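Q: Numbering (the UniProt record's numbering), first residue to last: 1 to 158.
Backbone N, C-alpha and C fix where the C-beta goes; we use that ideal spot for every residue, glycine too.
These figures come from a predicted structure and were not determined experimentally.
Have a look at this one.
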Amino acid sequence: MGNVYQFDVIKPNGHVQSLKEFEGKALLIVNTASKCGLTPQFKGLQELYLKYKDQGLEILGFPCDQFNNQEFEDIEETTSFCQVNYGVTFPIFAKIDVNGENEDPLFSFLKNEKKGVLSNKIKWNFTKFLINREGEVVERYAPTTEPEKLEKDLLNLL
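Here you go:
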């Protein structure tokens, strides 16, 4: 089984960060994209983050370019876009693959813990995984699930 704390992720500057640094917090892990029809969800994610970060919520964004090339080539452009257009202050990490041969080990784990409908694969940008304070995956949400719809589930973990 295991938990998300066993994984390392890459920050936009290329430095490695252990998810152990988030131990004891509720996490919402999201594969994001800057040029997608669902990109306005950044606003709702940021609102959740501001509302609950002092109660132990962390939102972790992982840009992905696997769905119709809807992410900027340059990670600095991605992080700037998120901050300027949506006021994002939660961590955005380096661009990754969430499916396929080069998929990030964290997303392999997440998908294994909570399968999607009909398939294990992530089908689109803004698939969300809710993680409890013990680092266990408790829920997976479809890309079209608006962030505010997660609030009730989130409150159960805070």
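Nearest-angstrom Cα distance between E23 and E139?
A: If you take the alpha carbons of E23 and E139, they lie about 18 Å apart.
Q: Compute the beta-carbon to beta-carbon distance between I131 and L27, rounded to the nearest angstrom, for a pair I have assumed lies under 8 Å.
A: About 4 Å separates the two Cβ atoms, so the contact holds.
Q: Return the chain-ordered ranges of every beta strand (DSSP E) run that is complete within the region 20 to 90 and spans a minimum of 3 residues.
A: Qualifying beta strand (DSSP E) stretches, in chain order: 26 to 32, 57 to 63.
Q: L157 to V16, Cα distance in whole Å?
A: The alpha-carbon atoms of L157 and V16 are separated by roughly 27 Å.
Q: Can you list, in chain order, the residues of its chain whose CB lies under 7 Å from that of N3, leaving out five sequence neighbours each side?
A: If we look at N3 and ignore the five residues flanking it on each side, its Cβ neighbours are E134, G135, E136.
Q: Looking only at C-alpha atoms, which of D54, Q41, S18 sits nearest to C82?
A: For C82, the nearest C-alpha among the options comes from Q41.
Q: With distances taken from CA atoms, which of Y86, S108, A142 is nearest T127?
A: For the residues Y86, S108, A142, the minimum Cα distance to T127 belongs to A142.
Q: Near E148, which residues of its chain fall below 6 Å by C-beta distance, leaving aside the five closest residues on each side in sequence?
A: Once the five neighbours on either side are set aside, the close Cβ partners of E148 are G44.
Q: Determine whether the Cβ of K11 lies closer than 9 Å to any Cβ atom of chain D.
A: Reference to chain D is not applicable here, since this structure consists of a single protein chain.
Q: Tell me, to the nearest whole angstrom, how far the beta carbon of A33 is from that of Q70; I am working on the premise that it is less than 8 Å.
A: Indeed, because the Cβ distance is near 4 Å, the residues count as touching under 8 Å.
Q: Report the rounded CA-to-CA distance for L154 versus T144, giving the unit in angstroms.
A: Spanning the two alpha carbons is a distance of roughly 17 Å.
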